[in-house]
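**Q** The opening position of the sequence shown corresponds to residue 21 in my numbering, with each subsequent residue numbered one higher.
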Amino acid sequence: ADEEIGGLRFSGQVIDGLDAKELRGLLDQAKSRMGSGVAAIVAVNEGKASIAAAVTDDLTGKISAVDLVRAGVEALGGKGGGGRADMAQGGGPDGAKAAEAIAAVKAASASCFEASVALPVTMPGPGSGTIESTVSMRIAWAIRRSRSECRAGARVVVMVSSLVLTARPERACAAPSSA
21 ADEEIGGLRF SGQVIDGLDA KELRGLLDQA KSRMGSGVAA IVAVNEGKAS
71 IAAAVTDDLT GKISAVDLVR AGVEALGGKG GGGRADMAQG GGPDGAKAAE
121 AIAAVKAASA SCFEASVALP VTMPGPGSGT IESTVSMRIA WAIRRSRSEC
171 RAGARVVVMV SSLVLTARPE RACAAPSSA
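1. Would you give the residue range spanned by the beta strand (DSSP E) that residue 70 belongs to?
2. Answer with buried or exposed for residue 23, where buried requires no fewer than 16 other C-beta atoms within 10 angstroms of its C-beta.
3. With C-beta atoms as the reference, is residue 121 less than 8 Å away from residue 92?
4. Could you pull the start and end residues of the alpha helix (DSSP H) that residue 42 belongs to?
5. Tell me, to the nearest whole angstrom, how far the beta carbon of residue 115 is from that of residue 69; I am working on the premise that it is less than 8 Å.
6. Taking all protein chains shown into account, decide if residue 49 is buried (16 or more other Cβ within 10 angstroms of its Cβ) or exposed.
7. Any idea if residue 51 is buried or exposed, counting beta-carbon neighbours within 10 angstroms, 16 or more meaning buried?
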């Protein structure tokens, strides 16, 4: 079943007895069904697991399937994993951790997805004064939680090139529309 994590559609499933060669076709179907999002499937056979992840074309500039698969492979006790930005595959020796691998891919997806956030920021100004402004920017979501946990008073750290801004939002961050 598809779910929404902070504005990103995600589909993850574990299938026992699935031949790893069938992963690509199932992921293509999931991408078509979702339109925009990330899909991951773990196939478990004889105690070992194969994992594959797919990212729809509109998101490959923000999320790499290779990075997602590597997170899942690590959870399965394996190393590596590879492919392209839109689809990647790997495996690991511990099929019993298939659900953890899906959770790792889900967390990595959320951490890669970008949010548009307007933050009130106070910066040192000329002399001893300060400049108060609202800075609108796209930031990489640095925590592995949904945006619903960004609440008033929560500390948010944003890195822009070599400049680091720290802000405490005065109100909760609204999840961006899925336009």
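C-beta: ideal position from N, C-alpha, C; glycine also.
**A** Looking at the atomic coordinates:
1. 68-75
2. exposed
3. yes
4. No alpha helix (DSSP H) holds residue 42; DSSP gives it neither H nor E.
5. 4 Å
6. exposed
7. buried
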